[in-house]
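Here the structure comes first, spelled out in structure tokens, and everything after it is commentary.
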Amino acid sequence: MYLQLDGRGPLYDQLTRALKASILDGRIAAGTQLPPTRELAQELEISRTTVLTAYEQLRAEGFIDGRVGSGSFVSQLQTRPPVHHDRTDIDAPSRYAQRVREVCNWDIPRLHRGLRYNLEYGYPMINPTLNNAWGRELARAAAYTRLNSLEAAGLSVLRKQTCDYLARRRGVQAQPDDVLIVSGTQQAINLTARVLVNEGDPVVLEEPHYFLAHQALVAHGARLVAVRTDEHGLVCDELPAQAPRLIYVTPSHHFPSGAVLSMQRRLDLLHYAEQHQCWILEDDYDGEFRYDAHPLAALRSLDEQDRVIYVGTFSKVMFGGLRLAYMVMPAALRSDFLGAKYLGDMACPVIEQAALARFMEDGGFERHLRMARKELKARREAVIAGLKEHARDRVEITDTPAGMHLVAWLHGYDAPRCQALIAHAAEYGLGLHPMAPLYLHTPERQGLLLGYCGLSVNELREAMRLFGQCLDHMELA
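Given below as structure tokens:
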């Protein structure tokens with residue numbers, strides 16, 4: 002417990018004043034149990050008698066209550082709220098911090114928090130059976146892992162399991178030395194920007210695109226160049242004549258439209274990168290989830306010039322709190338990425354890595370994937386069936402049999418009317434999310450990004466019924 006003694010008078014008086022001030026300022030809240038007298042005396046390096054005397058004085062004045070066998074607790078008092086100094090006259094932060102302020106407005110109210118049927122994208126599906134299995138793996142890892150182990154690249158056993166998985170599922174041939182374990186896809190994007198992008202460097206983004214990639218690149222000073230996408234993915238013929246430093250793509254399942262980059266365009270993109278000596282960041286954020294066929298081979302599997310930085314994630318596949326992902330690094334950048342990772346946070350948590358490696362080795366990861374694919378397919382079908390029944394011809398569905406979301410384009414809606422629909426839906430407990438923020442330039446039409454991971458099949462059916470009802474109300478307004 003932090004207590005500042007003022008040096009005036011006997012020690013028990015000083016301690017009494019310090020405790021009173023902490024209680025009145027709210028730093029020690031009502032109902033808080035004070036430390037035992039012997040413990041506080043040792044911490045402050047004073048006699049236990051001094052602490053006993055101070056406690057007795059506070060008890061006599063009504064600041065604390067003594068409970069037999071339990072200790073001393075702060076009484077319910079009308080206290081002053083703690084004073085927070087919000088300084089606005091501090092010198093301006095770095096250019097990086099200024100750009101972060103511009104792209105991350107933490108004061109924006111979260112309209113959709115707490116809504117009963119929130120169709121927000123980005124939350125992995127909860128698998129109830131995963132809790133027990135993961136708990137067992139964590140317990141085992143905690144017992145058998147060398148706790149002082151520190152490998153910036155990640156545990157070698159997890160990197161080996163990742164290589165085996167990528168070769169089997171994504172067609173990517175990599176060695177453990179090529180793999181870097183990172184704290185989620187977002188860290189992978191930040192490390193790539195840190196290693197490759199200088200202020201003012203042009204970076205190509207798909208249009209529309211993943212908003213957090215946009216924010217991370219802008220924060221590092223990149224000059225974004227939006228390149229159009231269509232039903233076949235990135236339009237490679239529209240890549241800039243001036244060589245960009247980096248091209249960020251989601252070729253296996255374009256975010257957010259769901260388009261798959263065609264084979265010809267994959268070859269065109271790789272040829273462009275070779276010709277212009279630029280790098281490609283391939284974000285394979287949900288490549289595990291295809292419901293009509295086997296997973297597609299990754300762009301990295303076609304890369305003969307070692308120009309593709311491949312990123313995959315365990316967090317979206319398992320659960321968001323895991324915060325583990327991986328990068329397959331080009332040989333020319335390997336030491337740069339390892340250095341940037343080490344300076345950023347040295348390494349990812351070792352117990353979680355060991356638990357995940359064992360989970361993959363024992364087949365638990367594949368069993369979870371099979372269950373997740375089956376459940377997500379059912380949820381996707383529930384959303385599509387609900388849209389066809391309740392929204393009918395008022396929306397156009399982007400029907401891609403993959404991923405954890407889909408797009409519904411609104412017919413006859415401009416931006417203000419789309420926002421009105423979202424606000425109206427929130428009144429019914431339905432969280433809708435617009436496509437417009439995912440564009441660098443104003444989109445030609447309005448649409449909604451519908452994430453279906455966070456709700457059950459029955460909840461999604463009810464959400465679609467409410468959505469149709471909201472569309473009905475908007476027509477009458």
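With this note's numbering applied, the sequence shown corresponds to residues 2 to 478, in that order.
The beta-carbon is built from N, C-alpha and C at its ideal position, and this holds for glycine as well.
Please read these numbers as outputs of a predicted model, since none were measured by experiment.
The beta carbon of Ile24 sits closer than 6 Å to those of Phe64, Val75, all from its chain and outside the five residues before and after it, given in chain order. Scanning its chain for C-beta atoms nearer than 6 Å, with the 5 sequence neighbours on each side dropped, one finds around Tyr122 the residues His406, Leu450, Gly452, in chain order.
By alpha-carbon distance to Arg446, the top candidate from Arg466, Cys419, Ala424, His434 is Cys419. One thing to note: Arg380 has its Cβ no nearer than 9 Å to the Cβ of Cys471.
Shown here, Leu206 sits in a strand according to DSSP, grouped into three states. When the five nearest sequence neighbours on each side are left out, the beta carbons in the same chain lying within less than 8 Å of the beta carbon of Glu44 are those of Met2, Pro36, in order along the chain. Contact annotation: Thr163 and Ser316 have beta-carbon atoms that are not nearer than 9 Å. Under DSSP, His406 takes part in a beta bridge, and its partners are Gly452. Linking Asp394 to Lys375 through their CA atoms gives a straight-line distance of about 28 Å. Approximately 16 Å separates the beta-carbon atoms of Thr251 and Asp304; this is outside 8 Å, ruling out the contact. Annotated three-state conformation of Arg335 is helix, per DSSP. Rounded to the nearest whole angstrom, the CA to CA distance from Ser95 to Val312 is 29 Å. Judged by their CB atoms, Tyr166 and Tyr211 are not nearer to each other than the 9 Å cut-off. Secondary-structure assignment with DSSP links Tyr3 through no beta bridge to anything. The DSSP assignment places 203-208, 224-231, 247-250 as complete runs of the beta strand (DSSP E) inside the region 196-250, in order along the chain (cut-off: 3 residues). In this structure, Arg246 places its C-beta atom within 9 Å of the C-beta atom of Ala223. The DSSP-derived three-state label of Asn149 is coil. Rounded to whole angstroms, the separation of the alpha carbons of Glu207 and Glu232 is 13 Å.
Listed in chain order, the non-local C-beta contacts of Leu6 below 6 Å within the same chain comprise Gln15, Ala19, local neighbours out to five positions each way being set aside.
Beta-bridge partners of Thr314 (DSSP): Ala326.
Counting every other CB atom within 10 Å of its CB across the protein chains shown gives Ala416 a total below 16, marking it as exposed.
Per the C-alpha coordinates, the member of Met475, Leu325, Arg308 positioned closest to Ala426 is Met475.
Take the alpha-carbon of Arg141 and the one of Ala134: they are about 11 Å apart. Phe360 is the residue among Phe360, Arg60, Leu433 whose C-alpha sits nearest the C-alpha of Val158.
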